[in-house]
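Protein chains in written order, with the numbering used here: chain A, 1 to 252; chain B, 253 to 359. Glycine included, each C-beta is placed from N, C-alpha and C at the ideal position.
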Amino acid sequence: MAATLCVKLPLKQGWLPLTQCIRHGSKAVTRHKRPMHFLKKKLLAVTEYIPPKPVAAPGAYPSQTERVQEDNGLVLLMKRDLRNLFQDCKMVAVLQNNSISADDMIMLRHRLLKYGITVKFFPNQVMRSFLSDSVYYNMVPLFVGPTVLFVSKEPKVKEMLTTLRTSPQMTLLGACVDHTLLSAQGIASYSKLPSVTVVQGELVSGLTMLTSRTAGMLQHHPAHLSALLQQYVKQQSPDSNTEAASKAEEAT
Amino acid sequence: MAASRKAAVLLKTVKKITVQFCPFESNVRSTREFLAMVGSEKARASNMNCEVIPVVKHDKSEPLVDIMYTDGERLLMKGANLTSGEMLSAFQARCIAKDPQAKAGLK
């Protein structure tokens with residue numbers, strides 16, 4: 001076949017040599033897929049037909065916007081519970097428990113109940129969704145991982161801290177005391193504050209210190225008072241001593 | 253977590269673990285998870301002398317895990333950009349490398 005294809009045409013002037021020695025290969029139309037020349041492959045790849053995408057009819061597919069899952073009954077109940085909790089309780093503390101054992105937990109609960117502090121567990125998701133809607137949205141990053149809530153009607157911070165010192169597995173993260181968000185250090189300093197009556201007494205005494213001193217001086221014996229005033233006048237003006245002394249004598 | 257399911261956290265070679273973080277920050281999730289895993293009953297049971305100390309701060313500092321080994325070596329892990337799995341695997345690898353008994357036990 002190769003020999004039959006080696007055709008040698010007479011070389012006339014201006015004619016290209018037509019000796020095409022084609023090696024024996026497959027024919028143009030074969031049963032197997034004939035390997036295409038690389039350039040032809042490239043060309044076909046570049047010039048492939050890209051059909052236009054058919055536009056879906058409106059309403060055929062569901063919309064891509066996220067549908068918020070409606071809360072089921074239990075979640076609503078828990079949220080109502082939480083709302084009441086935040087309204088009634090003055091102190092809400094958040095702790096992380098690194099796997100405290102069951103009997104330790106019972107002991108801790110018992111000790112806290114003596115001071116009126118209840119231990120509450122709520123799922124983090126419910127807590128987060130409730131807090132992000134309410135005023136306390138700044139507490140949301142606290143609720144990650146295993147968390148426990150300590151709630152009480154009265155802010156018994158000192159007692160809580162003493163009870164927690166016995167159990168090292170509970171880590172105090174933060175608390176909301178009297179609608180104020182406190183960090184761990186804030187709680188420690190809050191516990192060190194004296195009670196409200198003591199602080200009020202201190203404030204009142206500080207304000208009335210001057211007036212009480214004046215009142216005390218006036219109630220002394222008048223001779224004592226005049227001596228004091230004379231001394232004061234002498235100290236005030238050491239140059240015009242005689243003038244001051246005469247004025248003082250006129251007064252008395 | 254997949255990491256803790258493979259092998260319980262062995263604290264035999266560890267003297268002290270200090271985990272400090274600021275809970276109001278948003279990058280402390282992995283550190284808190286690491287603390288929960290390391291402070292678990294199983295982990296604590298493997299070494300009763302090891303102390304796990306969480307420190308809660310409020311100064312916008314990075315979450316930090318400081319592990320003190322019995323031979324004096326310290327491993328510091330800054331958990332701001334690490335996942336809990338990564339921290340745990342790094343910690344476990346170090347522990348196993350230090351403890352030849354555990355290595356032999358596993359093999």
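- What residue range is occupied by the uninterrupted beta strand (DSSP E) comprising Lys120 (chain A)? 117-120
- Counting contacts by CB-CB distance shorter than 9 Å, is Lys350 (chain B) in contact with chain A? no
- Query: With 9 Å set as the bound, which would you pick, yes or no: does the beta-carbon of Leu173 (chain A) sit closer than that to a beta-carbon of chain B?
  - Reply: yes
- Item | Neighbourhood of Arg111 (chain A) by C-beta distance below 7 Å, restricted to the same chain and skipping five residues each side | Contacts found: Thr163.
- Check each residue of the stretch 139-151 of chain A: if its Cβ is closer than 7 Å to any Cβ of chain B, include it; give the result in chain order. Pro141, Leu142, Val144, Gly145, Pro146
- Message: Less than 9 Å between the beta carbons of Gly59 (chain A) and Gln96 (chain A), yes or no?
- Response: no
- Sort A:Val157, A:Leu149, A:Gln185 by Cα distance to Ser195 (chain A) and report the nearest one. Among A:Val157, A:Leu149, A:Gln185, the Cα nearest to that of Ser195 (chain A) belongs to A:Val157.
- Query: Of all Cβ atoms in chain A, is any one closer than 9 Å to the Cβ of Phe276 (chain B)?
  - Reply: yes
- Pick out whichever of A:Gly201, A:Pro35, A:Val177, A:Ser183 has its Cα sitting closest to the Cα of Gln87 (chain A). Of the candidates A:Gly201, A:Pro35, A:Val177, A:Ser183, the one whose C-alpha sits nearest the C-alpha of Gln87 (chain A) is A:Val177.
- Backbone secondary structure at Ser256 (chain B) - three-state DSSP: Confidence in Ser256 (chain B) is poor, its pLDDT being 42 and thus under 50, which makes the residue's placement unreliable; the coordinate value appears in the next sentence. Correct three-state label for Ser256 (chain B): helix.
- Query: Given Val148 (chain A), which residues of its chain have a CB within under 8 Å of its CB, disregarding the five upstream and five downstream residues?
  - Reply: Val94, Leu95, Gln96, Asn97, Val119, Lys120, Phe121, Met170
- Query: How is the alpha helix (DSSP H) around Gln344 (chain B) delimited, first residue to last?
  - Reply: 336-350
- Task: Could you tell me whether the Cβ atoms of Val266 (chain B) and Pro306 (chain B) are closer together than 9 Å?
- Result: Val266 (chain B) places its beta carbon 9 Å or farther from that of Pro306 (chain B).
- Interface positions of the stretch 50-84 of chain A facing chain B (Cβ-Cβ less than 7 Å), listed along the chain: none
- Message: Counting only C-beta atoms, is Gly186 (chain A) closer than 9 Å to chain B at any point?
- Response: Judged by the 9 Å Cβ criterion, Gly186 (chain A) is in contact with chain B.
- Item | Within chain A, partners of Ala288 (chain B) - CB distance below 7 Å | Asn98, Gly145, Pro146
- Would a check of beta-carbon distances place Arg338 (chain B) closer than 9 Å to chain A? Contrary to the premise, residue 338 (chain B) reads as Glu rather than Arg in this sequence. Answer no: the Cβ-Cβ gap between Glu338 (chain B) and chain A never drops below 9 Å.
- Should Leu173 (chain A) and Val308 (chain B) be called a contact, given that it needs their Cβ atoms to be closer than 9 Å? yes
- Query: Are the beta-carbon atoms belonging to Asp351 (chain B) and Lys264 (chain B) less than 9 Å from one another?
  - Reply: yes
- Item | Where Ser63 (chain A) sits in the DSSP three-state scheme | Ser63 (chain A) carries a coil assignment under DSSP once its states are collapsed to helix, strand and coil.
- Query: Within 9 Å (strictly less), CB to CB, does Ser256 (chain B) reach chain A?
  - Reply: Any reading at Ser256 (chain B) must be qualified, since the residue scores a pLDDT of 42, below 50, and its modelled position is unreliable; no value is offered.
- Return the Cβ separation of Leu85 (chain A) and Val92 (chain A) in integer angstroms, given the expectation that the two are a contact with Cβ distance under 8 Å. Indeed, because the Cβ distance is near 7 Å, the residues count as touching under 8 Å.
- Message: When you compare the CB of Glu293 (chain B) with every CB in chain A, is at least one pair closer than 9 Å?
- Response: yes
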